[in-house]
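Heads up: the structure comes next, in structure tokens.
There are 2 protein chains.
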Amino acid sequence: MRLHGIDNFLITGKSDLMYFVGIDGPAALLVSTKKNNNTLFVPPLSRHAAETYAPDFLEVVTTKMDERFNVVVAESIGSIGGVTAVDEMSLEDYRFVSGLLASTELRPGMGIIWELRELKDEYEVGAIRRACEVADRAMRSAYEILYPGITENEIKAEIVSEIYRSGGERLAFDVIVASGPRTALPHGPLQRAEERDIPLREGDAVMIDLGAVVEGYHSDVTRTFFIGRPDTQFASAYEAVVAAKDAAEQYIKPETLCGYPDAVARNKLAEHALSEYFMHSLGHGVGLDIHEPPRMSPTSSEKLAANMVLTCEPGVYIKDRWGIRVEDTLLVTERGPERLTKFNYSEYIIT
Amino acid sequence: MRLHGIDNFLITGKSDLMYFVGIDGPAALLVSTKKNNNTLFVPPLSRHAAETYAPDFLEVVTTKMDERFNVVVAESIGSIGGVTAVDEMSLEDYRFVSGLLASTELRPGMGIIWELRELKDEYEVGAIRRACEVADRAMRSAYEILYPGITENEIKAEIVSEIYRSGGERLAFDVIVASGPRTALPHGPLQRAEERDIPLREGDAVMIDLGAVVEGYHSDVTRTFFIGRPDTQFASAYEAVVAAKDAAEQYIKPETLCGYPDAVARNKLAEHALSEYFMHSLGHGVGLDIHEPPRMSPTSSEKLAANMVLTCEPGVYIKDRWGIRVEDTLLVTERGPERLTKFNYSEYIIT
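Chains as they are written, first to last, in our numbering: chain A, 17 to 367; chain B, 17 to 367.
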């Protein structure tokens, strides 16, 4: 905080609270370099959880979480004074609290927190590792029931059930199971009611994107399968996506620019005249949130570092026909990336 | 917008995009009273989805969703001029876009959108009704496997699987299954790894809070059960919570202050010396988000209106012993509330 010229930090984001005090809100943590004790404001709703789980060095103050809440927090900040950074806040709350603070400057400070959260310690890597194991088990359970006739929602039911059975505490995000031309909608292909019960058919691509949460930490894995014999265009595109992923991973190591592996993947796809169909970035950080910094995107100017955890997920999406994405969660080490999700992707044909 | 003195509205919130254009982002919708056409900015990632699902009257502009995105949107706003409201934005983006707009004022406008989203039309009520049916089926499937020996996570697996099997498109929120003293942590009782596999035992309270999403709309229902014979303190507290709920619902009707049903419930619990153990508000709106305005809380000054959908969920939580909450999703009608979740709560004892 001193390095950034900040006297106080007001933290209300769910994941940030989890990171710093081990409870996931609603609450507000006020840290100050000008005081010896730090304060955790909690609504009556969360008092027991705070008393049970929050670290001892925090003073827990119970206060109702209504209009009054912002006033209480602002009074507390005002009485300390100085420059106060905040992690995240609704625009209304930000303007309201700023208005209450005559002599204290409020400024966005999420970037400072990401500098910490981007680098995972041993405990965090352990949790992500376990979340990846759960994801692998869920992918396997889906793989085992992929046959013509089963519907997307039946596959989803199997996946979510397996995530909980395997010790996941929740889903990392809503599981994506898309088949046929809907695989060409890269993310969250919105399901209309009439699409939900469409059964898989011979000749369908099937894209499954899933993740689990363990101890608050996420995993993220995508596999694309094909029911029956794919034509040469699909087969060669699949091989190109895998080649792009493997090539990019050669460059996922400390000190490399985050944009470079993305460029390598894009270049590899260009060799197959497919780069125009890869219309998202190569990957994103994973931790207490499913999408975190850093981004591996063409415009990213950040550098990779050891102990970052991120996805590598090249894809190719041909409108009205099919899409292919292969994604793993990786740990950046001095020796290159370690794949934390391990489900096989060399065999994707279901016959 | 004219009524609120606003010329442009910039909409980037996931649920707001869903509400106005039927896609769930990432995207930015720019509506202006000063122009004939409205613009939907989408990253390449979402272009196919936008073309497939967005209404015809929108001009779809594809632009990368990186640092450049805010610049493109700001240039577009700047070229129109006037006062621009935004629904939600990170503080960093808000400051960045504000900085780019010399002559145009940017202001928070989520309150204006809530005036619309709070009142559900027939289509929305239909979707919520179906989401409530899915929730009821999931609650029934959990109820049917409640016996000593089953673990919280096994119950969760059954619930999530049933939600997908019954046509839910996703979970409304992470399912809460808490047993024993953990039921006394009102919301999201954080599960440590070692707590996840604890089996239900005779003498345990079990709290299940779940919801489903259908067509983007949520449902929310909680039931509390007891394994074996409850002592008189638990039994009378359960009856008090039910009485509080029934009493409060008498006043959930148009023109009533949102704080009044909360006061009625609190007062009823006070008759049993339990009001101090009810440490959250009575209910919240439900729609495209799981928690929406209005709040039924002691400090809420809003009025209820026909076609609002909200929860009624009194609870009592005795630290280190047990908690009880009974919650339904209700539609406010001229004749009072209609319960959209219908799972029985008069019989809660599992023997």
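Backbone N, C-alpha and C define an ideal beta-carbon position, used for all residues, glycine too.
message: Please report whether the beta-carbon of Val102/A lies at a distance below 8 angstroms from any beta-carbon of chain B.
response: yes
- request: Could you tell me whether the Cβ atoms of Ile175/A and Ser195/A are closer together than 8 angstroms?
  value: no
Within 8 angstroms, strictly: CB atoms of Ala259/A and Lys284/A: yes
Neighbour-count burial assignment, Ala256/A, 16 or more Cβ in a 10 Å radius: buried
message: Output needed in chain order: residues of the stretch 46-75 of chain B with a Cβ under 7 angstroms from some Cβ in chain A.
response: Those residues of the stretch 46-75 of chain B that come within reach of chain A (Cβ to Cβ, closer than 7 angstroms) are Pro60, Leu61, His64, Ala65 and Tyr69.
message: Checking 8 angstroms against the spacing of the C-beta atoms, do Ala154/A and Ile179/A come in under that value?
response: Yes.
field: Test: Tyr110/B CB closer than 8 angstroms to a CB of chain A
entry: It does; some Cβ of chain A falls within 8 angstroms.
message: So that I know if they touch, is there some Cβ in chain A lying closer than 8 angstroms to that of Asp190/B?
response: Output row for Asp190/B: interface = yes.
- request: Could you tell me which residues DSSP pairs with Leu26/A in its beta bridges?
  value: Leu46/A and Val102/A
task: Check the Cβ-Cβ distances between Val77/A and every residue of chain B, and say whether any is below 8 angstroms.
output: no
- prompt: Residues of chain E with a CB under 7 angstroms from the CB of Tyr180/B: which are they?
  reply: The structure shown has no chain E; the protein chains it does contain are A and B.
Interface residues of chain A facing Lys319/B [CB-CB closer than 9 angstroms]: Within 9 angstroms Cβ-Cβ: nothing; Lys319/B doesn't reach chain A, min ~17 angstroms.
- request: Go ahead and pull the three-state DSSP assignment for Glu75/A.
  value: strand
query: Of the residues that make up the stretch 294-318 of chain A, which ones have a beta carbon closer than 7 angstroms to any beta carbon in chain B?
result: Met295, His296, Ser313 and Thr315
Secondary structure of Asp190/A, DSSP reduced to three states: coil
query: So, Ala70/B versus Val37/B, is the Cβ gap smaller than 8 angstroms?
result: Yes. Within cutoff.
task: Determine the direct distance from the alpha carbon of Pro314/B to that of Gly331/B, and round the result to whole angstroms.
output: 15 angstroms
- request: Mind reading off the beta-carbon distance from Ser291/A to Asp278/A? Whole number of angstroms is fine, and I expect it under 8 angstroms.
  value: Not quite, the Cβ-Cβ distance comes to about 11 angstroms (not below 8 angstroms), so this is no contact.
query: Asp148/A by DSSP, collapsed to three states: which one?
result: Note on residue identity: the sequence assigns Cys, not Asp, to residue 148/A. Three-state result, Cys148/A: helix.
message: Residues of chain B with CB closer than 9 angstroms to the CB of Ala200/A, please, in chain order.
response: His64
- prompt: Roughly how many angstroms lie between the CA atoms of Val76/A and Ala90/A, to the nearest whole one?
  reply: 16 angstroms
message: In the DSSP assignment, the alpha helix (DSSP H) including Asp278/B goes from what residue to what residue?
response: Gly275 to Ala286
field: Rounded separation between Asp305/A and Met223/A - CA only
entry: A straight line joining the alpha-carbon of Asp305/A with that of Met223/A spans about 22 angstroms.
message: I'd like to confirm the pairing. Which residues does DSSP put opposite Pro124/B in its beta bridges?
response: Val102/B
- request: Using the Cα positions of Tyr267/A and Gly352/A, report the straight-line distance between them to the nearest angstrom.
  value: 7 angstroms
- request: Please report the Cβ distance between Glu134/B and Gly21/B, rounded to the nearest whole angstrom; I am assuming they are in contact, meaning their Cβ atoms lie under 8 angstroms.
  value: Not quite, the Cβ-Cβ distance comes to about 21 angstroms (not below 8 angstroms), so this is no contact.
query: Going by the beta-carbon positions, is the gap between Val99/A and Arg123/A smaller than 8 angstroms?
result: yes
query: Leu26/A touches chain B at which residues, Cβ-Cβ below 8 angstroms?
result: Neighbours of Leu26/A on chain B: none; closest Cβ ~11 angstroms, over 8 angstroms.
message: Counting only Cβ pairs nearer than 8 angstroms, list the residues of chain A close to Pro1/B.
response: The requested residue 1/B is not part of the displayed model; chain B covers only 17 to 367.
- prompt: Which class does Tyr233/B belong to by DSSP, given the choice of helix, strand or coil?
  reply: strand
message: Please classify Asn360/B as buried or exposed, where buried requires at least 16 other C-beta atoms within 10 Å of its C-beta.
response: exposed
- request: Ignore the nearest five residues each way along the sequence and tell me which others in Leu226/A's own chain have a CB closer than 7 angstroms to its CB.
  value: Ala151, Ala154, Met155, Ile175, Val191 and Val237.
query: Between which two residues does the beta strand (DSSP E) harbouring Ala251/B extend?
result: From DSSP, Ala251/B is part of no beta strand (DSSP E) but of the alpha helix (DSSP H) over Thr248 to Glu265.
- request: Output, in chain order, the set of chain B residues within a Cβ distance shorter than 7 angstroms of Leu117/A.
  value: Simply none; closest approach about 15 angstroms.
task: Please state whether DSSP places Pro202/A in a helix, a strand or coil.
output: It is coil, neither helix nor strand.
Identified DSSP bridge partners for Phe241/B: Val222/B
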